[in-house]
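Novice: Following this message is one structure expressed as structure tokens.
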Amino acid sequence: MATGVVHPRRRTRTLLLGVLVVLSLFAAQLVRLQGLDAASVSAAAVNGRLEVRAIPAQRGTVTDVNGQELAVSVERRRIVADPTLVEDYVLKDEDGEVVAEGFAAAAQVVSEVTGADQASVLAALTDPPGERYTVLDPDVSPQEWQELRARNVRGVSAEQVMKRDYPLGEAAAPLVGWMGAGEMPAGGIELVHHDALTGEPGEAVFEVGSSGERISTGLYREEPAVPGQDVRLSLDADLQWYAYDAIRKRVKDAGALRGYAVVQEVETGRIVALANYPSFDPKDSTQTSEDMRNHAIEDVYEPGSTAKLITAAAALEEGLVERDTPVEVPVSLPRGGKAFHDAEPHPVEYLTFAGVIAKSSNMGTILVGEQLGWDTLYDWIRKFGLGSPVGHGLPGESAGLVPKPDTPGWSATTPYTLMFGQGYSGSFLQQVSVFQTIANGGVRLTPSFVQGTVDEDGRYVELPLPEGTRVVSPETAATLTEIMQQIPSSSGTAPLAAVDGYHVAGKTSTADRYDETKGGYSGVTSSFIGFAPAEDPKYVVGVAIQRPTRIHRFGGIVSGPVFSSIMRYALQKEGVPPADDPPLQLDIEFDPSAPAPGEPSGVTLGDIAIRDEGTRE
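Residue numbers for the sequence shown follow the working numbering, beginning at 24 and rising by one.
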């Protein structure tokens, strides 16, 4: 045999040995995979098919006092796709003919089912190329998703999402709030009670196939989401809508800038309606507008003659006057280098103190109020809550501005204008709170909007009522109530604010309105605030119209009828019976030739100075 030539048998044995070695290695690996490491290999395979998806937690519901939904989460779907799987999709008609292919076919189907713009869907699938995840339509109904799912577009799936719905829409938006970009709260109750309303998201783990579809017989594990707490407001949805509609119509009729209305329970301080117009759509998360503010609590302005109630309360509480104290009101009253007048020219008037308030006399209020002294006057304004936040907890609240004596904001005329509500500022809710104090026998309560919460187990927990602060005596409150009953009458400044069958106590205001854009006064704020029934007050209702242009500007004319309408609806809805006796009538004038029943506080003046154009009713 030649050197280097292998014998055939030896070569055969060598090859056979090599094959046996290789087969033994395969066998060993097979034993390891199917025997020793079967569990780990199987788990690795399953893990490769697993998908983890978050289960969104349902946000708590905001309801009115009767459980009617004001903000509720509804189940929606976000249509998403894996473009690398979609590009092979083929759309055929009923006869099996190819209509479209790839991205264009998928875009056509999604558009037909959901109503999404076809070009936008196509752009989401193709730009940028190579992406594995894209959103085709962020918000569709579960029914639309089921219809789309039935079209079997490979690579298209849906994610469950929760969207906020607001059944009262614009009527309650500034108070209830709204969800902004990224489903984050952007105002109102939604923002203030975000932590309570927000639940804990859950998690679902399941197997998917090569096309992204869920394997129904595969692994499924779920950790349920925990819903957020429900929040029950003191608002009455029917009354809220009625107040909003009433203020909306008046703003339009008056050609006004805006308006607001507030209804507050006297004994609890709870707000049962708070309406703004113009308002906004709370479901539009993209809008940014000045009218997305809650003007009723964020705007500050000079209150005008409704603030005469503070001066009157202080004078009564300090023992300077009584209800029937005579006040001789001159034609013009020089004070601080200016001459003050009333809203309309008149000869010398002989009014009782009740008449000064009933006729809303600036000069009569000054003659009474100047006896207080400036520091005392300032203290009383602050006692009624002006210059301090109300404390209701909603965002955007302003404390207002009340100048302190002998500070840079204090001029020679400041103390006199403060007496009738000009020269300092406050929010509308602060002013309504003044009337709640008088209606509640002199005890001021912090306005509140939330009545209670409902946890995930359905347990309702009512929030405790705030402790009141006594501001004036019950006697002073009763006297002011008697006096204010003269205002919504034929002898007062607001006969249009009367409510048939009920005794109403209230006050008008027509205040110069400072316009920051113009840097001066422009137009007026016309308002009426009052409560009823006067003998046992149930509600305070406040109405303010900013810068009316098509209706006589006086508060009794512009806001009085709106007050009457809202108050009538609130009392009748609550089932408050009408009065059996006629309204109280007081003497608002006195005969100067008759013996005075008390010490007069009137003053006879001779010199007439320049008229102050900043004074109003």
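Built from N, CA and C at the ideal position, the CB exists for glycine as well.
Predicted model only: the values in this text are computed from it and were never measured.
Report yes if the C-beta distance between Arg-573 and Ala-284 is below 8 Å; otherwise report no.
Specialist: Within the sequence shown, the letter at position 550 stands for residue 573. Within the sequence shown, the letter at position 261 stands for residue 284. Not closer than 8 Å, so no.
Novice: Skipping 5 residues on each side, what residues in its chain have a beta carbon closer than 8 Å to that of Val-88?
Specialist: As a first step, residue 88 must be located in the sequence shown, where it is residue number 65. Correct list, in chain order: Arg-255, Leu-256, Ser-257, Leu-258, Asp-259, Val-295, Gln-474.
Novice: Spatial neighbours of Thr-221 within its chain, please: CB distance less than 8 Å, with the 5 preceding and 5 following residues excluded, ordered by chain position.
Specialist: Within the sequence shown, the letter at position 198 stands for residue 221. Cβ within range, chain order: Ala-80, Arg-82, Gly-83, Gly-251.
Novice: Less than 8 Å between the beta carbons of Tyr-562 and Glu-288, yes or no?
Specialist: Working through the sequence shown from its first residue, we reach residue 562 at position 539. Working through the sequence shown from its first residue, we reach residue 288 at position 265. Result yes, Cβ atoms of Tyr-562 and Glu-288 sit closer than 8 Å.
Novice: How many Å lie between Pro-426 and Ala-181 at the Cα?
Specialist: Here the question's residue 426 lines up with position 403 in the sequence shown. Here the question's residue 181 lines up with position 158 in the sequence shown. Near 60 Å, if we compare the C-alpha coordinates of Ala-181 and Pro-426.
Novice: Counting only the same chain and skipping the five closest in sequence on each side, list residues whose C-beta sits under 7 Å from that of Trp-264.
Specialist: Mapped onto the sequence shown, residue 264 falls at position 241. Counting only Cβ-Cβ distances below 7 Å, and skipping sequence neighbours, we find Leu-191, Ala-194.
Novice: Specify the secondary structure class of Thr-638 as computed by DSSP and reduced to three states.
Specialist: In the sequence shown, residue 638 corresponds to position 615, counting from 1. Bear in mind that the predicted position of Thr-638 carries a pLDDT of just 39, short of 50, making it too unreliable to give a figure here.
Novice: So, at 8 Å on beta carbons, what are the nonlocal neighbours of Ala-632 in its own chain, with the 5 sequence-adjacent residues on each side left out?
Specialist: Against the sequence shown, residue 632 aligns to sequence position 609. Low per-residue confidence applies at Ala-632: pLDDT is 32, beneath 50, and the placement is therefore not dependable enough to give any value.
Novice: Please say whether Ile-589 and Val-564 have beta carbons closer to each other than 8 Å?
Specialist: Locating residue 564 in the sequence shown gives position 541, where the first residue counts as 1. Locating residue 589 in the sequence shown gives position 566, where the first residue counts as 1. Contact flag set, yes.
Novice: With the cut-off set at 8 Å, would you say Ala-555 and Val-527 are in Cβ contact?
Specialist: On the sequence shown, residue 555 is found 532 positions in, with the first residue counted as 1. On the sequence shown, residue 527 is found 504 positions in, with the first residue counted as 1. Cβ atoms of Ala-555 and Val-527: closer than 8 Å.
Novice: Less than 8 Å between the C-beta atoms of Gly-225 and Pro-208, yes or no?
Specialist: By 1-based counting over the sequence shown, the position of residue 225 is 202. By 1-based counting over the sequence shown, the position of residue 208 is 185. Against a cut-off of 8 Å, the Cβ pair of Pro-208 and Gly-225 comes out as no contact.
Novice: Given Leu-43, which residues of its chain have a CB within under 8 Å of its CB, disregarding the five upstream and five downstream residues?
Specialist: Position 20 of the sequence shown, counting from 1, holds the residue named residue 43. Contacts found: none.
Novice: If we require 4 or more residues per run, which alpha helix (DSSP H) segments fall completely within the region 457-525?
Specialist: Runs found: 497-507.
Novice: Tell me which residues share the same chain as Ser-170 and place their Cβ nearer than 8 Å to its Cβ, disregarding the 5 neighbours each side in the sequence.
Specialist: Residue mapping note: residue 170 aligns to position 147 of the sequence shown, counting from 1. Note on identity: in this sequence residue 170 is Glu, with Ser being the wrong assignment. Around Glu-170: Val-136.
Novice: For my contact list, Tyr-189 and Ala-94 are in at a C-beta cut-off of 8 Å; report their separation, rounded to the angstrom.
Specialist: As a first step, residue 189 is located in the sequence shown; it is residue number 166 there, counting from the start. As a first step, residue 94 is located in the sequence shown; it is residue number 71 there, counting from the start. Indeed, because the Cβ distance is near 6 Å, the residues count as touching under 8 Å.
Novice: Whose C-beta lies closer than 6 Å to the C-beta of Leu-114 among residues of the same chain, with five residues either side of it excluded?
Specialist: Taking the first residue of the sequence shown as 1, we reach residue 114 at position 91. Correct list, in chain order: Val-122, Ala-123, Ala-128.
Novice: So Lys-427 is in the beta strand (DSSP E); what residue range does that whole segment cover?
Specialist: Here residue 427 refers to the residue found at position 404 when the sequence shown is read from its first residue. Here Lys-427 belongs to no beta strand (DSSP E), and DSSP marks it neither H nor E.
Novice: Tell me Val-10's beta-bridge partners as DSSP assigns them.
Specialist: This structure leaves residue 10 out entirely; the chain is present only between 24 and 640.
Novice: Can you give me the C-alpha to C-alpha distance between Ser-471 and Asp-603, rounded to a whole angstrom?
Specialist: The count along the sequence shown starts at 1 and reaches residue 471 at position 448. The count along the sequence shown starts at 1 and reaches residue 603 at position 580. In a straight line, the C-alpha of Ser-471 is about 33 Å away from that of Asp-603.
Novice: Quick test of your reading: Pro-301 and Ala-196, contact by CB under 8 Å. State the CB separation rounded to the nearest angstrom.
Specialist: Looking up residue 301 in the sequence shown gives position 278. Looking up residue 196 in the sequence shown gives position 173. Between Ala-196 and Pro-301 the Cβ distance is about 11 Å, and since that is not below 8 Å, they are no contact.
Novice: Under 8 Å between the Cβ atoms of Gly-327 and Ser-532?
Specialist: In the sequence shown, residue 327 corresponds to position 304, counting from 1. In the sequence shown, residue 532 corresponds to position 509, counting from 1. Yes, the Cβ-Cβ distance between Gly-327 and Ser-532 is below 8 Å.
Novice: Round the Cβ separation of Val-215 and Thr-157 to the nearest angstrom and send it over; I've been treating them as touching at under 8 Å.
Specialist: As a working note, residue 215 is residue 192 in the sequence shown. As a working note, residue 157 is residue 134 in the sequence shown. With a Cβ gap of about 36 Å, Val-215 and Thr-157 do not count as contacting.
Novice: Enumerate, from N- to C-terminal direction, the unbroken alpha helix (DSSP H) stretches of 4 or more residues contained entirely within the region 208-282.
Specialist: Listed in chain order, the complete alpha helix (DSSP H) runs (minimum 4 residues) inside the region 208-282 are 211-215, 217-220, 260-277.
Novice: State buried or exposed for Ile-238, treating a residue as buried only when at least 16 other CB atoms are found within 10 Å of its CB.
Specialist: On the sequence shown, position 215 is the one that residue 238 refers to. Counting Cβ neighbours within 10 Å, Ile-238 comes out exposed, since fewer than 16 surround it.
Novice: Provide the residue span of the beta strand (DSSP E) that contains Ala-298, from first to last.
Specialist: As a position in the sequence shown, residue 298 is number 275, starting the count at 1. Start and end: 294-300.
Novice: Taking only runs of the alpha helix (DSSP H) that begin and end inside the region 138-207, which ones reach a length of at least 4 residues, in chain order?
Specialist: Counting whole runs of 4 or more residues, the region 138-207 contains the alpha helix (DSSP H) stretches 141-149, 165-172, 196-199.
Novice: Gly-90: which of Asp-253, Val-179, Ala-51, Arg-99 sits nearest, CA to CA?
Specialist: Within the sequence shown, residue 90 is the residue found at index 67, counting from 1. Minimum Cα distance to Gly-90 is reached at Asp-253.
Novice: What's the call for Ser-587, buried or exposed, on a 16-neighbour Cβ count within 10 Å?
Specialist: On the sequence shown, position 564 is the one that residue 587 refers to. The residue in question, Ser-587, is buried, as its Cβ has 16 or more Cβ neighbours within 10 Å.
Novice: So what's Asp-535 in DSSP terms, helix, strand or just coil?
Specialist: Taking the first residue of the sequence shown as 1, we reach residue 535 at position 512. Reduced to three states, the DSSP call for Asp-535 is strand.
Novice: Taking its Cβ as the centre, do 16 or more other Cβ atoms sit within 10 Å of Thr-492, making it buried, or is it exposed?
Specialist: Locating residue 492 in the sequence shown gives position 469, where the first residue counts as 1. Answer is exposed; the Cβ neighbour count stays below 16.
Novice: In the DSSP output, which residue or residues are listed as bridge partners for Lys-115?
Specialist: In the sequence shown, residue 115 corresponds to position 92, counting from 1. Partner(s): Val-121.
Novice: Leaving out five residues on either side along the sequence, give the residues of the same chain with a beta carbon under 7 Å from the beta carbon of Ala-330.
Specialist: Reading the sequence shown from its first residue, position 307 is the one you call residue 330. Within the same chain, Ala-330 has close Cβ partners Phe-443, Gly-444.
Novice: On a Cα-Cα basis, can you pick out the residue from His-415, Ala-500, Asp-614, Val-274 that is closest to Val-352?
Specialist: Position 329 of the sequence shown, counting from 1, holds the residue named residue 352. If we check each option's Cα against that of Val-352, Asp-614 comes out closest.
Novice: I need the boundaries of the beta strand (DSSP E) containing Gln-569, first residue and last residue.
Specialist: For the purposes of this step, residue 569 is identified with residue 546 of the sequence shown, where counting begins at 1. Where Gln-569 is concerned, the enclosing beta strand (DSSP E) stretches over 562-569.
Novice: Counting beta carbon pairs with one atom in the region 144-157 and one in the region 105-112, are three or more of them shorter than 8 Å?
Specialist: Because the criterion of three Cβ pairs below 8 Å is met, the region 105-112 and the region 144-157 touch.
Novice: Report yes if the CB atom of Thr-375 is closer than 8 Å to the CB atom of Asp-610, and no otherwise.
Specialist: Numbered from its first residue, the sequence shown carries residue 375 at position 352. Numbered from its first residue, the sequence shown carries residue 610 at position 587. For Thr-375 and Asp-610, yes; Cβs fall inside 8 Å.
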